[in-house]
Structure formats: structure tokens, C-alpha cells
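Here my numbering is used: the first residue of the sequence shown is 2, the next is one more, and so on.
Glycine included, every Cβ here is placed at the ideal spot set by N, Cα and C.
Since the structure comes first, as C-alpha cells, the remarks are kept for the end.
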Amino acid sequence: MDSSEDVQRSWRQIGALTVFAILLLAPAAYGKSKKASDYFTLCHRGESDFPGCVKRAIEEATPKIIKGIPELRLPPFDPLTLQQLELQEGHGSLRFVMRFKNASITGFTDLQLHSVQASDDLSTWRFNASVPHLHVVGQYEMEGRLLALPIQGHGDGTMDFYNVSIIHEITLKNVTRKGKIYNHVDTKKWTVDTMFAKAHFTNLFNGDKTLGDATNNFLNENWREAFQTYKHLPEEAFGQIFLEIENGFFDQFPLEELFPE
């Protein structure tokens, strides 16, 4: 199994969703509702600003979803708590493994959805959003080589990402069940970037302060290279999560109910 498959499997085991996924796909949580209109504003395919309507519908749902909706089994999403997060890259002497346990992510309250784009036949979608600041804290375990630097340790870890941009793209195909047409995600792509990042890990190299300080300084001085080198790991993982969430969502509502003429 390659590294991307390892990461996807690890993320599926988390059992939690990213806030961005919830914001864009809030109706997925409403699968037991009788009508899609019970929970979000419907947008008609024939209206002049259809993508704008979808964007406004998502924005309307954002505040209550961030706070959590117990009757829909949605916990609060700021902070967002992940029991375990694992990323793996490479093999053998170049292998890098990082695990976060009891991770808490704050900042999604300030997520802004900038645009929603859809093709005329609704087969292609693109969502563009940003978050001013994401703060991640948890207990970490790390070993292997990071940017060719030997690294190992376990303790408390924090990571901060500033001015985070998020682009999510999907293509859909139609499937027919019991005479009704449903959407199904055929391909997906998740892209993230950040203007600045920093991190700090305690107890690196079994508490060796000299090595620990030097490693933390190295990571922060080379944050851009580290981010660009490894960002495909969470991108691939989020892409798989989105695929499952979106198909779960589209399975609930026929196209005519979700986006009526």
C-alpha cells in the first residue's frame, strides 16, 4: 500500500469531519429529514445566479452548524476535536510518520466562503474558501526523516497556519434509482495553501533541549519547504473524506428535490 492509501485509511479512522466539509455539505448530516427544504434554502437550477444562491444557502447554515446540532448528532466544530490524526510519507530510511492524539483545531468559526462555481449541467463544482488562522494542539508522536532531517519524539505539539486558502473541486455523474436521478461524485480534488505556518514540539529526542530547540528552529525557518513537501498528504486524505461525505449526501436527495427546476 502506498503512502497516500495509508493516509486516507488513517483519516477515515478519525471518525470526525472537517468544518469545511460540514459547511459545504451541511445537508449530508440531514439525511434522515423528510425534505431537503426542512434544513436549508433550496436553489433552483433555472435562476440567473444559481451558484450565488448555493453560496448564500451555505452561509446561512454556517452559524448553527459551527455551534453543533445535537439532534442531528453534530458536535461543536470550533474547536474541532480529532481522536487521532496520522500522516505517513516515504519508505525505509526516508520514512516519516507523525501522529496527533486528542487534537483540537480552532479557527473554523471565521471560515469565509468566497465563491461557488458550477457548470450549466451541474456536473462540475468548485468551492473557494479561506480561514484567517487555524490553531492545532495535541499530543504528538513523530519519527523518521523530515526534510532529510532525522527526527523523533513524543509530547505536546502545536501548529499554527495563517491565511489558509482552501479549494475543493468535484465532478459528478448521474445515477438512477427507482426511477429517480441522483448525483454521485465521480472525481474530487482538494487543494490547500497558507501564507505562514509555525510549529513547536516538546520533548524531541527524549527531552534533549539542544537538539529539540535546534529542530524546532529548523522547522520554523523552513516552514514553506516543509509545507509544500508534505501538504499532499492531508489533501489526499481530505479528498477521500469529501468523496464519502458527498456521496452520502447526494444519496439522500434526488436531483429534482435538491436542485429543482
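CB residue i to CB residue j, shorter than 7 Å?
{"i": "A37", "j": "F254", "result": "yes"}
{"i": "L135", "j": "G158", "result": "no"}
{"i": "G145", "j": "R225", "result": "no"}
{"i": "M143", "j": "I152", "result": "yes"}
{"i": "G240", "j": "K189", "result": "yes"}
{"i": "L114", "j": "K56", "result": "yes"}
{"i": "R100", "j": "E90", "result": "no"}
{"i": "Y183", "j": "F251", "result": "yes"}
{"i": "G139", "j": "K102", "result": "yes"}
{"i": "L83", "j": "A104", "result": "yes"}
{"i": "I106", "j": "V137", "result": "yes"}
{"i": "W126", "j": "I171", "result": "yes"}
{"i": "P52", "j": "A119", "result": "yes"}
{"i": "V186", "j": "L244", "result": "yes"}
Can you tell me which of the three DSSP states residue i falls into?
{"i": "E262", "result": "coil"}
{"i": "D252", "result": "coil"}
{"i": "T227", "result": "Going by the sequence as given, residue 227 is Ala instead of Thr. In the structure shown, A227 sits in a helix (DSSP, three-state: H, G or I)."}
{"i": "K266", "result": "Since the first residue shown for the chain is 2 and the last is 262, residue 266 is missing from the structure and cannot be characterised."}
{"i": "D39", "result": "helix"}
{"i": "G154", "result": "strand"}
How would you label residue i, buried or exposed, when you count the other beta carbons within 10 angstroms and need 16 or more for buried?
{"i": "L173", "result": "buried"}
{"i": "R178", "result": "exposed"}
{"i": "G213", "result": "buried"}
{"i": "I66", "result": "buried"}
{"i": "F162", "result": "buried"}
{"i": "E262", "result": "exposed"}
{"i": "H45", "result": "exposed"}
{"i": "T211", "result": "exposed"}
{"i": "E257", "result": "exposed"}
Please report the Cβ distance between residue i and residue j, rounded to the nearest whole angstrom; I am assuming they are in contact, meaning their Cβ atoms lie under 8 Å.
{"i": "L148", "j": "N248", "result": "Their Cβ separation, rounded to whole angstroms, is 36 Å, which puts L148 and N248 out of contact at 8 Å."}
{"i": "I168", "j": "T195", "result": "13 Å between Cβ atoms; not a contact."}
{"i": "Y141", "j": "F202", "result": "6 Å"}
For residue i, is the beta carbon positioned less than 6 Å from some heavy atom of the ligand GDP?
{"i": "F101", "result": "Within the structure as shown, the ligand GDP is missing, as the structure has no ligands at all."}
Which full runs of the alpha helix (DSSP H) of 4+ residues lie inside the stretch 44–90, going along the chain?
The stretch 44–90 contains these whole alpha helix (DSSP H) runs: 51–68.
Quick check for students: name the residue ranges of the alpha helix (DSSP H) that lie wholly in the stretch 166–233, counting only runs of 4 or more.
210–222 and 224–231
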